[in-house]
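This report refers to the structure that appears directly beneath it.
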Amino acid sequence: MRATNSQGAPPPARLVPVLLKCGRATIPNLTTPVDVWQWRGLQFPYWRIYWNRQPGFSVKHQGQVYPLDPEFVVVVTPNASVEHSISGTVDHFYVHVSLGYPWDRLAPQVRRIPVSEVPMHLLGDLLEHLSGQPSKHTLDTSLAWALLAYVSSILANFPAEVWPKPSRDHLLDRLLSEIDAHPERPWRTADMATHCNMSVNTLLRRFKKHLGDSPQHVVADYRLQKACRLLAQTNDSIDAIAEACGYANRYAFSRAFSRLRGHGPAAFRSSC
149 MRATNSQGAP PPARLVPVLL KCGRATIPNL TTPVDVWQWR GLQFPYWRIY WNRQPGFSVK
209 HQGQVYPLDP EFVVVVTPNA SVEHSISGTV DHFYVHVSLG YPWDRLAPQV RRIPVSEVPM
269 HLLGDLLEHL SGQPSKHTLD TSLAWALLAY VSSILANFPA EVWPKPSRDH LLDRLLSEID
329 AHPERPWRTA DMATHCNMSV NTLLRRFKKH LGDSPQHVVA DYRLQKACRL LAQTNDSIDA
389 IAEACGYANR YAFSRAFSRL RGHGPAAFRS SC
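Plus 148 on top of the position in the sequence shown (first one is 1) and you've got our numbering.
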């Protein structure tokens, strides 16, 4: 039997966070000086979840400061432009996750979630495992489930009204899921219209109605999101990432990245 919500409709097909990266670091340290962490306006296309054992670290978004006190978990949503400020040495725990379409497209914001609302006891073994470990590593199954439960409980604290709704246009939703999975494909507007069995004008109207943007701008956004994930998660070369994301070459990729993000791929990677 399929689970249903209170209106009798099936739940969204996919609501499982994809764990991109987690780590624990003492900030600052010998290999990562304080200026590396004091960002000014960088954006990331995935969720960033922070918790610190000590005060002394804060995030600023749209003029408001969010201290990372031990009593709160701080969540930075995708594409929220933030500044970091550090005034002391802190034990910093972070998780990066992606939820996919449409949940990664909510309005950029920062929230503080009281630790009383989060199963912090699940982090004990995980934090011990991360002590002295590199930020890119493999978790065993029990630790991965604990981390997933931790992340899910945090996301459950976001009120229902902030979450974007699927478009209710099933053809468009399937197309967007396909673009999300394979942004490296050419995705010409005419081909997308054929894929959805509709005219180009109808496709343009549906994109404008449901997403407020053109098909090519949406494709560019998905390509950039994949590029950011690869820059953050892998050691792949800029050339390889450009090809994996559908750009003609590294120069076209760097131009597009700089135009949309305000800085180049290398600067983004160094901040991850």
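Ideal Cβ placement from N, Cα and C applies to all residues, glycine included.
Buried or exposed: Ala396, going by 16 or more other Cβ atoms within 10 Å of its Cβ? exposed
Close-in-space but distant-in-sequence residues of the same chain around Ser235 (CB under 7 Å, 5 per side omitted): Gly204
Within 10 Å of its beta-carbon, does Arg322 have 16 or more other beta-carbons around it, so buried, or fewer, so exposed? exposed
Inter-residue spacing [alpha-carbon to alpha-carbon] between Ala151 and Ala415: At Ala151, the pLDDT of 43 sits below 50, so the modelled position is not reliable; the number obtained from the coordinates is stated separately. When rounded, the distance between both Cα atoms is 45 Å.
What are the boundary residues of the beta strand (DSSP E) that Thr350 is part of? It is not in any beta strand (DSSP E) - Thr350 instead sits in the alpha helix (DSSP H) that spans 348–359.
Using a Cβ-Cβ cutoff of less than 7 Å, which residues in the same chain neighbour Val109 once the five nearest sequence positions on both sides are dropped? With the chain running from 149 to 420 in the structure shown, residue 109 is simply not present.
Spatially closest choice to Ser233 from Leu216, His318, Phe355, by CA coordinates: Leu216
Distance cutoff 8 Å, beta carbons only. Does Ala304 sit that close to anything in chain D? Among the chains in the structure shown there is no chain D, since it carries only a single protein chain.
Cys170 - DSSP class collapsed to helix/strand/coil: strand
One or two residues paired with Leu190 in a DSSP bridge: Val230
I believe Val310 touches Leu254 by the beta-carbon criterion, under 8 Å. Please report the beta-carbon distance rounded to the nearest angstrom. 6 Å
Taking Cys393 and Arg371 to be in contact with their CB atoms under 8 Å, please state how far apart those CB atoms are, rounded to whole angstroms. 5 Å
Once the 5 residues before and after Trp279 are set aside, which same chain residues still bring their CB inside 7 Å of it? Rather than Trp, the amino acid found at residue 279 in this sequence is Ser. Excluding positions up to five away in sequence, the list reads Arg172.
Buried or exposed: which applies to Tyr399, given that a residue is buried once 16 or more other Cβ atoms fall within 10 Å of its Cβ? exposed
Which residues mark the beginning and the end of the alpha helix (DSSP H) in which His343 is found? 337–343
In the DSSP assignment, find the unbroken beta strand (DSSP E) run with Tyr198 in it and report its ends. 195–200
In whole angstroms, what separates the C-alpha of Leu291 from that of Asp369? 32 Å
Run the proximity test for Ala388: is its beta-carbon closer than 7 Å to any non-hydrogen atom belonging to the ligand ADP? This structure lacks the ligand ADP, and indeed carries no ligand of any kind.
Looking at the unbroken alpha helix (DSSP H) that takes in Gln210, where does it start and where does it end? No alpha helix (DSSP H) holds Gln210; DSSP gives it neither H nor E.
What alpha helix (DSSP H) runs, 4 residues minimum, are completely inside the region 354–410? 363–381, 386–392, 398–409
To the nearest angstrom, how far is it from the Cα of Gln191 to the Cα of Ala308? 24 Å
Ignore the nearest five residues each way along the sequence and tell me which others in Asp317's own chain have a CB closer than 7 Å to its CB. Arg354, His358
What residue does the beta strand (DSSP E) around His244 start on, and which one ends it? 238–246
Please report the straight-line C-alpha distance between Ile386 and Pro413, rounded to a whole angstrom. 8 Å
By alpha-carbon positions, which one of Lys169, Gln364, Ser206 ends up nearest to Pro218? Ser206
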